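Under numbering that gives the first Met the number 0, residue 104 is the last one in the sequence shown; the count climbs by one each step, no gaps. Please read the structure below before turning to the comments.
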Amino acid sequence: MIHVVAILTAKPGRRAELLERFLAVMRIVHTEDGCIEYRPIIDNDAGLDDAREPAGSDTFIVIEKWASVKALDAHSATDHMRKYGEDVRDLIANRVLHVMRDAAA
């Protein structure tokens, strides 16, 4: 299984708009072959207060799980992801992608 952790930081005050566009494409991504999980997460207001470091009000993190690298690569090449990338380009201040595999496998 391939895991992707994508940290998306919107331009100041634009996270809601970026998240709205993400949620629209998410529904399509869920139908792709090999997609196990694809969802955005945001800071929780409580829990582990002495240890947590908030991502921030302009940031959300995408948790992805794919059956294989082939499935992830196919996802990246879809027309809807290309269009999404074009549509949100002006909303994103920064993006960091971590592509990982199970350590205990």
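Don't be surprised by glycine CBs; every beta carbon is placed ideally from N, CA and C. Fair warning: this is a prediction, and the values are worked out from it, not measured in the lab.
At least 9 Å separates the beta-carbon of Ala9 from that of Val95. With contacts defined as CB atoms closer than 9 Å, Leu71 and Val3 qualify as a contacting pair. For Ala5, DSSP records a beta bridge to Val61 and Leu96. Rounded to whole angstroms, the Cβ separation of Ile1 and Ser67 is 6 Å, and the two are in contact under 8 Å.
A residue is called buried when at least 16 other Cβ atoms come within 10 angstroms of its Cβ; Arg14 meets this threshold and is buried. A distance below 8 Å between beta-carbons, with the five flanking residues on each side excluded, links Leu90 to the following residues of its chain, in chain order: Ala9, Lys10, Arg13, Glu16, Leu17 and Arg20. Pairing Ala92 with Asp32 gives a Cβ-Cβ distance that is not under 9 Å.
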